[in-house]
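*Asks:* What follows is a structure written as structure tokens; I'll ask about it next.
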Amino acid sequence: MSSFAGTAALTRLALRRDRVVLVVFVLVLVVMVAASASATVKLYPTEASRVKAAAAIDSSTATLAMYGPIYDTTSVGALSTFKMGIMGAVAVAILVLFVVVRHTRAEEETGRLELLGATVVGRRAPLTAALIVAGGASLVAGAGSALGLIAVGLPVAGSVLMGLGFACLGIVFAAVAGVTAQLVKSARGAAGLAGVVLGVFYLVRAIADAATGLGWLSWLSPVGWWQQTRPFAGDRWWALALPLAAAVALAALAYVLAGRRDFAAGLLPDRPGPAAAAASLRSPLALAWRLQRGSFFAWAAAFAVIGVVFGGLASNVGSFLTSPQARAFIIKLGGEQGIRDAFLATELGMAAVAAAVYGVQAALRLRTEESALRTEPLLATAVGRTRWALSHLVVALAGSAMLLVIVGVTAGLVGARQTGDGGQIGRLVVAALVQIPAAWLVIGIVAAVFGLAPRWVVLGWVALTAFVLIGEFGALFNLSQAVMDVSPFAHVPRLPGGEFAVAPLLWLTAIAACLIGVGLAGFRRRDVG
Amino acid sequence: MDEAVSIERLSKTFGGTRALDGLDLEVSVGEIHGLLGPNGAGKTTTLRILLGLLRADSGVARLLGGDPWRDVERLHRRLAYVPGEVTLWPNLTGGEVIDLLGRLRGGLDETRRADLLERFELDPTKKARAYSKGNRQKVALVAALSSDVELLLLDEPTAGLDPLMDAVFRECLVEFRKQGRTALLSSHILSEVEALADRVSIIRDGRTVEVGSLAEMRHLARLSIAADLASVPEDLATLPGVHDLRVDGTHVDFMVDPGGLDRVLVALTTAGVTSLTSQPPTLEELFLRHYGEERPAAPAGEAATP
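From first to last, the protein sequence lines are chains A and B. Numbering-wise, this note's numbering puts 387 at position 321 of the first sequence, and it's gapless, one number per residue. Numbering-wise, this note's numbering puts 57 at position 2 of the second sequence, and it's gapless, one number per residue.
Take a look at the structure:
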């Protein structure tokens with residue numbers, strides 16, 4: 067039996083299981099890419115207006131850190147894809163890492179692969195099938211995006227390069243997930259580790275683009291490689307060779323690792339643990355914390371790094387902008403302090419979204435536990451439903467708040483050290499704290515859906531994605547204020563620098579509390595399982 | 056109060072599937088009651104309603120004198136549950152899970168915990184992801200049996216245990232009953248119920264089709280007879296109560312209803328018997344009567360409530 071036997075069958079099985087999510091993903095991506103490009107073209111009809119807009123973007127450290135520079139300010143294509151380009155590429159990477167883990171480690175962890183493995187399925191078939199599906203999805207997403215860009219009238223060469231860039235970043239992260247799926251025993255951990263790798267590479271690119279004199283860092287990150295293809299701004303086709311070479315090397319590593327380990331084993335053998343539970347493990351909350359603490363500590367470390375990076379970047383904001391227009395722009399924004407505040411407020415807004423991502427996945431643990439039938443033995447003890455449901459919600463709520471405090475404190479400490487102003491710590495902690503209610507509201511949505519329609523918990527992710535898209539592209543698409551106001555993140559006071567207001571914080575918290583109350587009431591009434 | 060569990064006309068529908076269709080069940084205090092039925096008969100649904108995990112569409116369920124849906128916390132201090140499919144938290148050890156479940160139930164007996172770990176030969180320091188199916192089952196059994204509870208709800212608790220451990224489980228359950236406590240044991244393993252249960256409720260398609268002690272059910276059941284005869288009586292096949300007659304030369308093999316036994320024996324002795332064996336039906340045969348293709352003309356047990 068060849069070690070690849072059964073690959074075709076497994077590929078068909080994976081496509082059958084993922085047919086809805088893959089099609090929906092590609093459609094949404096293509097529509098977003100094409101629509102945002104088309105809206106930009108309409109918004110800036112003249113070359114002069116485009117150059118002005120691109121110059122403003124290139125002079126804002128916040129946008130440089132988030133999306134990277136526009137390499138050719140006269141290019142329509144570069145301006146109209148400056149946000150959606152990098153976001154689309156990263157979205158493809160996130161999709162494929164989940165696809166790969168879902169069809170490799172997750173199947174192994176649940177034991178389903180054992181069932182398949184006993185049929186004519188070679189040792190290398192599952193990984194190969196997962197890579198084929200993920201690589202194919204990346205190519206289709208890239209091709210669709212390229213066609214979308216061509217359809218709205220952008221140059222063909224740049225559009226094709228943009229699409230190929232999406233596909234190449236996707237293929238790299240399919241291979242990254244192929245490796246992490248061999249290293250970590252749990253699917254959750256494997257996807258998490260691949261996600262951390264993506265986050266680190268994004269951060270490396272952000273530092274390269276936003277800090278003075280660190281541009282070379284960009285070449286250390288696959289996200290940076292994507293950027294260096296410079297679609298519509300010089301079209302450097304050769305830069306596609308880097309991700310392809312990396313993908314081949316990583317895939318080879320994944321096969322080597324897969325060939326060396328036992329079924330269902332990770333890199334490290336299981337060590338024996340305590341024969342009796344610690345005295346503290348005596349409540350559902352203690353159990354929820356025990357189950358989620360590893361993930362929380364990883365997130366906390368990531369937030370601390372982000373805080374340090376952004377706190378550090380803030381102090382050199384604007385210092386490399388020497389053109390007279392840029393200086394005028396800075397003065398208009400309130401001088402060095404003003405632009406620094408604007409940068410930090412933007413980054414804390416992104417941190418709030420990241421904290422909400424943490425909150426959603428922590429709260430979704432409720433549904434994972436329920437589906438895995440691990441809730442049943444707990445509810446068969448003297449633990450009531452509300453108490454159990456609150457356990458994971460408390461971890462989600464307190465955890466997301468804690469993450470924001472961490473990012474505020476670390477950014478403040480670095481800022482205070484660089485500017486010599488100790489007051490910066492307090493200002494940034496407050497600026498981080500005001501983000502908490504918006505993140506809580508998203509957790510509230512998860513709680514409500516879990517209580518009322520548990521099969522639809524994925525709506526938590528849908529809502530969060532919608533809020534982010536509204537925030538990012540609402541202005542571009544000329545959405546009405548009423549639609550923009552749907553996102554809780556739109557109501558957070560822009561601190562530091564902006565006006566502090568307590569009212570939105572109170573009612574965001576109140577809505578979050580109501581949603582959680584509705585969720586708990588629903589959960590008390592419905593069937594479990 | 057002498058009913059630990061009392062269920063009347065319980066119904067539950069999932070989407071278009073009727074899981075329970077007017078199920079009745081009575082479990083007396085101090086007995087081991089077997090809940091016997093094939094896969095999909097509604098055993099697990101019944102237990103989950105008793106645990107307050109599911110809400111019945113109609114019918115009445117009482118558990119230890121309380122309402123299983125509303126008095127969850129109070130009732131659950133007095134019972135322990137072993138699910139049919141035990142899934143544990145992969146990164147907790149077996150020992151941790153046992154302690155956690157015991158504490159959440161309101162405490163566990165350390166001496167009994169240690170004793171049970173030894174008898175079930177379970178290593179409590181292993182991470183749950185490293186346990187086999189049988190070992191996960193043992194974790195759930197030790198957790199349930201080391202608590203001081205009045206009622207055990209067991210959902211096919213020995214699936215995955217080897218025969219040696221199965222025997223340990225039976226010992227433990229018998230000791231448990233000796234202390235005057237109650238257990239409801241769902242199973243499709245006939246020998247297990249036969250060995251342990253004082254009374255049995257047989258359910259199929261969400262209905263109770265027969266209730267009673269095994270003695271009472273045998274009373275209703277046919278005997279299996281095999282005999283070697285000098286000659287085979289011609290009218291044997293047409294005698295009332297005779298079923299499934301197979302003739303092989305002078306050897307006959309058939310089933311007979313208890314009511315028809317007298318006339319059958321007369322016919323056999325008239326023909327001349329050289330050897331005869333008769334056996335009471337095993338639970339296996341009882342089961343086949345209710346679930347096999349061969350169905351009795353008049354369904355027994357419709358009114359078999361003792």
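Built from N, CA and C at the ideal position, the CB exists for glycine as well. Bear in mind the structure is a predicted one, so any value in this text is a computation, not a measurement.
Which residues of chain A have a Cβ atom closer than 9 angstroms to the Cβ of residue 138(B), listed in chain order?
*Replies:* By Cβ distance, chain A contributes 439, 442, 443, 446.
*Asks:* Between the segment 107 to 131 of chain B and chain A, which residues of the former have CB atoms less than 9 angstroms from a CB of the latter, in chain order?
*Replies:* The segment 107 to 131 of chain B vs chain A, Cβ under 9 angstroms: 107, 108, 109, 110, 127, 128, 129, 130, 131.
*Asks:* Which residues in chain B sit within 9 angstroms of residue 348(A), going by Cβ to Cβ distance?
*Replies:* Going along chain B in sequence order, the residues near residue 348(A) (Cβ under 9 angstroms) are 154, 155, 158, 159.
*Asks:* Would residue 174(A) and residue 329(A) qualify as a contact pair, given that the criterion is a beta-carbon distance under 8 angstroms?
*Replies:* Yes, the Cβ-Cβ distance between residue 174(A) and residue 329(A) is below 8 angstroms.
*Asks:* Measuring only from the beta carbon, is residue 270(A) closer than 7 angstroms to any heavy atom that is part of the ligand GTP?
*Replies:* Only the bare structure without any ligand can be found here, which leaves the ligand GTP out of the picture.
*Asks:* So within the segment 250 to 332 of chain A, which uninterrupted alpha helix (DSSP H) runs reach at least 4 residues, ignoring any that extend past its ends?
*Replies:* Qualifying alpha helix (DSSP H) stretches, in chain order: 253 to 276, 288 to 294, 307 to 326.
*Asks:* Report the three-state DSSP secondary structure of residue 74(A) (helix, strand or coil).
*Replies:* Three-state result, residue 74(A): helix.
*Asks:* Give the residues of chain A in contact with residue 180(B), contact being defined as C-beta atoms less than 8 angstroms apart.
*Replies:* Per Cβ cutoff of 8 angstroms: 338, 339, 340, 341.
*Asks:* Name the chain A residues whose beta carbon is nearer than 9 angstroms to that of residue 150(B)?
*Replies:* Within 9 angstroms Cβ-Cβ: 339, 340, 341, 342, 343.
*Asks:* Below 8 angstroms between beta carbons: does that hold for residue 225(A) and residue 215(A)?
*Replies:* It is a contact, given that the beta carbons lie within the stated cut-off.
*Asks:* Which complete beta strand (DSSP E) runs does the segment 289 to 333 of chain B hold, if anything under 3 residues is left out?
*Replies:* Complete beta strand (DSSP E) runs here, min 3: 297 to 303, 306 to 311.
*Asks:* Thinking C-alpha only, which one of 199(B), 309(B), 326(B), 258(B) is nearest residue 77(B)?
*Replies:* Considering only alpha carbons, the answer is 258(B).
*Asks:* What does residue 449(A) reach in chain B if we use C-beta pairs closer than 7 angstroms?
*Replies:* Correct list: 159.
*Asks:* Kindly give me the distance between the Cβ atoms of residue 177(B) and residue 193(B), rounded to whole angstroms, as I take these residues to be in contact under 8 angstroms.
*Replies:* Between residue 193(B) and residue 177(B) the Cβ distance is about 5 angstroms, and since that is below 8 angstroms, they are a contact.
*Asks:* What's the call for residue 320(A), buried or exposed, on a 16-neighbour Cβ count within 10 Å?
*Replies:* So residue 320(A) ends up on the buried side.
*Asks:* Would you mind working out which of 104(B), 119(B), 118(B) sits nearest residue 112(B), comparing C-alpha positions?
*Replies:* Cα-wise, what sits closest to residue 112(B) is 104(B).
*Asks:* Who are the Cβ neighbours of residue 297(A) in its own chain at under 8 angstroms, not counting the five residues just before and after it?
*Replies:* For residue 297(A), where only same-chain residues beyond five positions count, the Cβ hits under 8 angstroms are 143, 144, 147, 151, 224, 225, 227, 228, 231.
*Asks:* My output table needs one value for residue 52(B): the three-state DSSP class, helix, strand or coil.
*Replies:* The structure shown does not extend to residue 52(B), since chain B is modelled only from 56 through 361, so no value can be given for it.
*Asks:* Given residue 404(A), which residues of its chain have a CB within under 7 angstroms of its CB, disregarding the five upstream and five downstream residues?
*Replies:* Result list for residue 404(A): 563, in chain order.
*Asks:* Cβ atoms of residue 523(A) and residue 7(A): under 8 angstroms apart, would you say?
*Replies:* Outside the modelled stretch of chain A, which goes from 67 to 595, sits residue 7(A), for which no answer is possible.
*Asks:* Distance, Cα to Cα, residue 277(B) vs residue 331(B)?
*Replies:* Each residue's Cα considered, the two are about 16 angstroms apart.
*Asks:* Taking Cβ positions only, does residue 184(B) come closer than 8 angstroms to chain A?
*Replies:* Yes, residue 184(B) lies at the interface with chain A (some Cβ there is under 8 angstroms from its Cβ).
*Asks:* Could you tell me which residues DSSP pairs with residue 255(B) in its beta bridges?
*Replies:* Answer by DSSP bridge pairing, in chain order: 89(B), 267(B).
*Asks:* What in chain A is Cβ-close to residue 288(B), meaning under 7 angstroms?
*Replies:* Those within 7 angstroms of residue 288(B) in chain A number zero; the least Cβ separation is about 54 angstroms.
*Asks:* Determine the burial state of residue 158(B): buried for a count of at least 16 other Cβ atoms within 10 Å of its Cβ, exposed for fewer.
*Replies:* Flag for residue 158(B) reads buried.
*Asks:* Rounded to whole angstroms, how far is the Cβ of residue 472(A) from the Cβ of residue 373(A), which I believe are closer than 8 angstroms?
*Replies:* With 8 angstroms as the limit, residue 472(A) and residue 373(A) qualify as a contact, their Cβ atoms being about 6 angstroms apart.
*Asks:* Comparing the C-beta of residue 586(A) with each C-beta of chain B, is any distance below 8 angstroms?
*Replies:* So, not an interface residue.
*Asks:* Nearest by alpha-carbon distance to residue 557(A): which of 135(A), 505(A), 595(A) is it?
*Replies:* Comparing Cα-Cα distances from residue 557(A) to each of 135(A), 505(A), 595(A), the minimum goes to 505(A).
*Asks:* State yes or no: is the beta carbon of residue 145(B) nearer than 8 angstroms to at least one beta carbon in chain A?
*Replies:* It does; some Cβ of chain A falls within 8 angstroms.
*Asks:* Going by beta-carbon coordinates alone, are residue 118(B) and residue 60(B) separated by less than 8 angstroms?
*Replies:* Taking 8 angstroms as the Cβ cut-off, residue 118(B) and residue 60(B) qualify as a contacting pair.
*Asks:* Could you name the residues of the same chain whose beta carbon sits closer than 8 angstroms to that of residue 115(B), not counting the 5 residues immediately before and after it, in chain order?
*Replies:* Result list for residue 115(B): 61, 62, 63, 64, 65, in chain order.
*Asks:* Mark residue 227(B) as exposed unless 16 or more other C-beta atoms lie within 10 angstroms of its C-beta, in which case mark it buried.
*Replies:* Flag for residue 227(B) reads buried.
*Asks:* Residues of chain B with CB closer than 7 angstroms to the CB of residue 461(A), please, in chain order.
*Replies:* Within 7 angstroms Cβ-Cβ: nothing; residue 461(A) doesn't reach chain B, min ~14 angstroms.
*Asks:* For residue 283(A) and residue 274(A), which I take to be in contact (beta-carbon distance under 8 angstroms), what is that distance rounded to the nearest angstrom?
*Replies:* Between residue 274(A) and residue 283(A) the Cβ distance is about 4 angstroms, and since that is below 8 angstroms, they are a contact.
*Asks:* Out of 442(A), 588(A), 95(A), 235(A), point me to the one whose CA is closest to residue 532(A)'s CA.
*Replies:* Ranking 442(A), 588(A), 95(A), 235(A) by Cα distance to residue 532(A) puts 95(A) first.
*Asks:* Find the residues of chain D that neighbour residue 142(B), judging by a C-beta separation of less than 9 angstroms, and give them in chain order.
*Replies:* Structure shown: chain D not included; protein chains present are A and B.
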